[in-house]
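See structure below.
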Amino acid sequence: MKNFLKYRFFKGISSGSLVFCVLGFLFWGNPLQAQDETVFQKEFFLPGQNNSIYQILNQVTRQTGYFFIYDSQIINSDQSVRVRRGNYRMDEILKSILDDESLSFRVLEKYIIIYRSGVSEKDPAPATDDKITEPETKLLIRGKTLDASSGKALPYATITVLGRALGVITNQDGLFNIRIPAELMGDTLRISYVGYKSRIIPVQLLLDGEYEIYMEMDMISLQEVIITYYNPYEILRKAMEAKSGLYPRQSSHHTSFYREGAFKGDMILNYSEAIFRINKTAYHSQADDQVMLLKSRNITNLDLEDTLMLKLKAGIKSALDLDVMKTLPEFLMPEYLNDYKLTGADMVAFESGVAYAIEFEEADHVREPMYRGVIYIDRETLAVLKVDFEVHPSYLRRHERRFIPRRSPDHITRIQSMRYSVQYRCWEGTYHLNHVRGDVDIRIRRKNRFFGNNYNVFFEMAVVNIDTLRTDRFRRRESLDTRIVFTDQNFVYDHDFWKDYNIILPEKRISEALKEMNLELENLMEE
0 MKNFLKYRFF
10 KGISSGSLVF
20 CVLGFLFWGN
30 PLQAQDETVF
40 QKEFFLPGQN
50 NSIYQILNQV
60 TRQTGYFFIY
70 DSQIINSDQS
80 VRVRRGNYRM
90 DEILKSILDD
100 ESLSFRVLEK
110 YIIIYRSGVS
120 EKDPAPATDD
130 KITEPETKLL
140 IRGKTLDASS
150 GKALPYATIT
160 VLGRALGVIT
170 NQDGLFNIRI
180 PAELMGDTLR
190 ISYVGYKSRI
200 IPVQLLLDGE
210 YEIYMEMDMI
220 SLQEVIITYY
230 NPYEILRKAM
240 EAKSGLYPRQ
250 SSHHTSFYRE
260 GAFKGDMILN
270 YSEAIFRINK
280 TAYHSQADDQ
290 VMLLKSRNIT
300 NLDLEDTLML
310 KLKAGIKSAL
320 DLDVMKTLPE
330 FLMPEYLNDY
340 KLTGADMVAF
350 ESGVAYAIEF
360 EEADHVREPM
370 YRGVIYIDRE
380 TLAVLKVDFE
390 VHPSYLRRHE
400 RRFIPRRSPD
410 HITRIQSMRY
420 SVQYRCWEGT
430 YHLNHVRGDV
440 DIRIRRKNRF
450 FGNNYNVFFE
460 MAVVNIDTLR
470 TDRFRRRESL
480 DTRIVFTDQN
490 FVYDHDFWKD
500 YNIILPEKRI
510 SEALKEMNLE
520 LENLMEE
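Using numbering that gives the first Met the number 0, the final residue of the sequence shown is 526, and nothing's skipped along the way.
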């Protein structure tokens, strides 16, 4: 029975221009208001140094608590400048390091905006009905999440409108687009990432540009960790006992963006995108989730011989089966906890709270270890917030044929890794599926050849809207068979194709590959 449960869970998921930097907050307008004067006259100390503008502004933020928004096409944040040791006022240090008389500054709450005078100045004001001429007008917010210390992109950060069921996920390059109704101009965005302080930013500050949003690590104090020492086995058991009251107890409709792809190195073999409406059934229900296809497209590189040799596809069923709180894998089942080694690895910041990070792998007495990973559990509610896991490398080596039943007799195929991630977010007191991703890395070489090629197959789904008021089932003719793979059809990649939807943006390597394929398709059409 135990092996069957392992295989049942695994079988389901294995198929398959204008840039602004956000270091804090400000807004534009020429005359300084009373609040502005107070902020700019306040003194603070800086040590003598030769450093980048970005690093100096970071120091000012730590000294004053004010963050910065600026157009990186106007300000080169990597430029090195010299600062003498001493006390400075805010206006003095900004004028000194920026050395540009055309720049002006404005304060809004805890943000300072640096802008060029005469460029699109406007004071933020709550949106009113008489300002919105089209009820369906959407506001586009674009940005990129980065680590404040290293400058590295933060993939899979969650972007949500506070108090709303709207959200999106950043891609592997940290990039995101989110479209929201114009009447929400007065709302606020939350940008969150595991282990980092959440950013709370007014929507008005993020319009008409692409923003680099720097996230700071949120270090849990050593004293707090010692005081709250926990038994990971007890925490996980309690989390499983509490799950019935934390996850959906009735059906709801999710609007989700889905994509899947296969790559040979950086070359696309196939790439698909779709928007689904999903009838997500209650977590205690035995009924299957239903999927309605709203819009989709697919591109296949038919010139590559590898497409005949490598036929690895994912399918929407893989993404649905990754909902580990609905279809429990063995490593979350209390009756099998003794077969796992659990380690209370750390406590991490998660949105506005703190989560236990529990590492797991199968115990030494288990003959064939299959999974290992990390489970994040909310300290207050005991909700499972996120699970990152992979198939154990030793299991992959022993059971490759289970995962690739058909293979070319002329080639040697080795699965390098199979990694999965699933994340939830709280909406109106209930934790809903938010994001899932699966990655399979494979190496294939022709027999009697020393060198081979690396392949990557992935699938990913992000929930961009949750409607808890709709619980109706779809009619049979409206439902999509979740086992199917999108029909192969070539298209020229059009960035406006999804203009009415929130999606996961294509990463740089995908965008560049699509551009190259577009040129090839256009040349073929001209011939």
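For each residue, glycine too, the CB sits at the ideal point set by N, CA and C.
From a predicted model like this one, the values you see are computed outputs, not experimental measurements.
Got a sec, what are the start and stop residues for the alpha helix (DSSP H) Glu240 sits in? By one-based count along the sequence shown, residue 240 stands at place 241. Run containing Glu240: Pro231 to Ala241, per the alpha helix (DSSP H) assignment.
If we ignore side chains and look at the alpha-carbon of each, how far apart do Glu389 and Phe349 end up? For the purposes of this step, residue 389 is taken as the residue at position 390 of the sequence shown. For the purposes of this step, residue 349 is taken as the residue at position 350 of the sequence shown. Answer to the nearest angstrom: the Cα atoms are 22 Å apart.
I need the DSSP call for Glu215, collapsed to helix, strand or coil. The sequence position of residue 215 within the sequence shown is 216, counting from 1. DSSP places Glu215 in coil when its eight states are reduced to three.
Tell me, which residues are paired with Asn464 by DSSP? Counting from one through the sequence shown, the residue named residue 464 turns up at place 465. For Asn464, which the question treats as bridged, DSSP gives the partners Leu165 and Thr254.
Closer than 6 Å by C-beta to Gln289: which residues in its own chain qualify, once you throw out the five before and the five after it? Chain order, please. Indexing the sequence shown from 1 puts residue 289 at position 290. Counting only Cβ-Cβ distances below 6 Å, and skipping sequence neighbours, we find Asn278, Phe473 and Ser478.
Kindly indicate the opening and closing residues of the beta strand (DSSP E) around Glu389. Position 390 of the sequence shown, counted from the start, is the residue given in the question as residue 389. Start and end: Val383 to Val390.
Thinking C-alpha only, which one of Gly451, Ile92 and Ile414 is nearest Asp438? Translated into positions along the sequence shown, residue 438 becomes position 439. Comparing Cα-Cα distances from Asp438 to each of Gly451, Ile92 and Ile414, the minimum goes to Ile414.
Would you identify the three-state DSSP class for Met89, choosing helix, strand or coil? As a working mapping, residue 89 is identified with position 90 in the sequence shown. Met89: helix per DSSP, three-state reduction.
Among Arg105, Glu108, Met89 and Asn49, nearest to Ser530 - alpha-carbon criterion: A query on residue 530 cannot be resolved here, the shown segment of the chain reaching from 0 to 526 and no further.
Run the CB neighbour count on Gly260, radius 10 Å, all protein chains shown included, and call it buried at 16 or more, exposed below. As a first step, residue 260 must be located in the sequence shown, where it is residue number 261. By the 10 Å Cβ count, Gly260 comes out buried.
Anticipated Cβ contact below 8 Å, Leu395 with Leu174, distance rounded: For the purposes of this step, residue 395 is taken as the residue at position 396 of the sequence shown. For the purposes of this step, residue 174 is taken as the residue at position 175 of the sequence shown. Not confirmed; about 31 Å, so no contact.
Per-residue DSSP class, three states only, for Lys507: Translated into the one-based positions of the sequence shown, residue 507 becomes position 508. Correct three-state label for Lys507: helix.
Assign Pro408 to one of two classes, buried (16 or more other C-beta atoms within 10 Å of its C-beta) or exposed (fewer than that). Counting from one through the sequence shown, the residue named residue 408 turns up at place 409. Burial call: exposed.
Closer than 6 Å by C-beta to Asp172: which residues in its own chain qualify, once you throw out the five before and the five after it? Chain order, please. Position 173 of the sequence shown, counted from the first residue, corresponds to residue 172. Result list for Asp172: Ala152, Glu506 and Lys507, in chain order.
Looking only at its own chain, which residues have a Cβ that is under 6 Å from the Cβ of Trp426, when we skip the five neighbours before and after it? Position 427 of the sequence shown holds residue 426. Only Ala164 and Ile465 meet the Cβ criterion.
Per DSSP, Gln171 is paired with what? Start at 1 with the first residue of the sequence shown, and residue 171 comes out as number 172. Answer is none; Gln171 lacks a bridge partner.
Which residues bound the beta strand (DSSP E) around Ser416? Counted from its first residue, the sequence shown places residue 416 at position 417. Taken as a continuous stretch (DSSP letters only), the beta strand (DSSP E) holding Ser416 covers His410 to Trp426.
Looking at the strands, I want to know which residues DSSP matches up with Gly437. The count along the sequence shown starts at 1 and reaches residue 437 at position 438. DSSP output for Gly437 lists Tyr419 and Phe458 as bridge partner(s).
Leaving out five residues before and five after Val614 in sequence, what residues of the same chain have Cβ atoms less than 7 Å from its Cβ? The first residue shown for the chain is 0 and the last is 526, placing residue 614 beyond what the model contains.
C-beta contact flag for Ile357 and Thr380 at 9 Å: Here residue 357 corresponds to residue number 358 of the sequence shown, with the count starting at 1. Here residue 380 corresponds to residue number 381 of the sequence shown, with the count starting at 1. The answer is no: Cβ separation not under 9 Å.
Please report how far the alpha carbon of Tyr335 lies from the alpha carbon of Tyr246, in whole angstroms. As a position in the sequence shown, residue 335 is number 336, starting the count at 1. As a position in the sequence shown, residue 246 is number 247, starting the count at 1. Taking the straight line from one Cα to the other gives about 22 Å.
With 16 as the cutoff for other CB atoms within 10 Å, does Glu233 come out buried or exposed? If you number the sequence shown from 1, residue 233 lands on position 234. Flag for Glu233 reads exposed.
Quick one: any contact between the stretch 201 to 213 and the stretch 361 to 368, if contact means 3 or more CB pairs under 8 Å? no
Look at the alpha carbon of Arg236 and the alpha carbon of Asn447, and state the distance between them as a whole number of angstroms. Here residue 236 refers to the residue found at position 237 when the sequence shown is read from its first residue. Here residue 447 refers to the residue found at position 448 when the sequence shown is read from its first residue. Rounded to the nearest angstrom, the two C-alpha atoms are 52 Å apart.
Pull up the DSSP beta-bridge partners for Asn50, would you. Within the sequence shown, numbered from 1, the residue matching residue 50 stands at position 51. BP columns for Asn50 point to Val80.
So, does the stretch 187 to 195 touch the stretch 451 to 470, judging by three or more C-beta pairs under 8 Å? no
If we count the other Cβ atoms within 10 Å of its Cβ and call it buried at 16 or more, is Pro328 buried or exposed? Within the sequence shown, numbered from 1, the residue matching residue 328 stands at position 329. It is buried - the Cβ of Pro328 has at least 16 other Cβ atoms within 10 Å.
Name the two residues that bound the continuous beta strand (DSSP E) containing Leu292. The residue you call residue 292 lines up with position 293 of the sequence shown. Element bounds for Leu292: Gln289 to Thr299.
In the structure shown, what three-state DSSP assignment does Ser103 receive? Residue 103 sits at position 104 when you count from the first residue of the sequence shown. In the structure shown, Ser103 sits in a strand (DSSP, three-state: E or B).
Relative to the alpha-carbon of Gln285, which residue among His410, Ser351, Thr429 and Ser250 has its alpha-carbon at the smallest distance? Reading the sequence shown from its first residue, position 286 is the one you call residue 285. Of the candidates His410, Ser351, Thr429 and Ser250, the one whose C-alpha sits nearest the C-alpha of Gln285 is Ser250.
Hey, out of Arg475, Pro154 and Arg178, whose CA is closest to Leu292's CA? In the sequence shown, counting from the first residue as 1, residue 292 sits at position 293. Of the listed residues, the one whose Cα sits closest to Leu292 is Arg475.
How long is the line joining the alpha carbons of Gly162 and Thr187, rounded to whole angstroms? Position 163 of the sequence shown holds residue 162. Position 188 of the sequence shown holds residue 187. C-alpha separation (whole angstroms): 9 Å.
Under a CB-based cut-off of 9 Å, is Ala241 close to chain B? Reference to chain B is not applicable here, since this structure consists of a single protein chain.
Quick one: grab the DSSP three-state call for Glu379. Mapped onto the sequence shown, residue 379 falls at position 380. Coil, per DSSP.
Short check: CB of Leu138 to CB of Met89, under 9 Å? Residue 138 sits at position 139 when you count from the first residue of the sequence shown. Residue 89 sits at position 90 when you count from the first residue of the sequence shown. Not in contact: Leu138 and Met89 (Cβ atoms no closer than 9 Å).
Which of helix, strand or coil DSSP assigns to Arg475: Translated into positions along the sequence shown, residue 475 becomes position 476. Reduced to three states, the DSSP call for Arg475 is helix.
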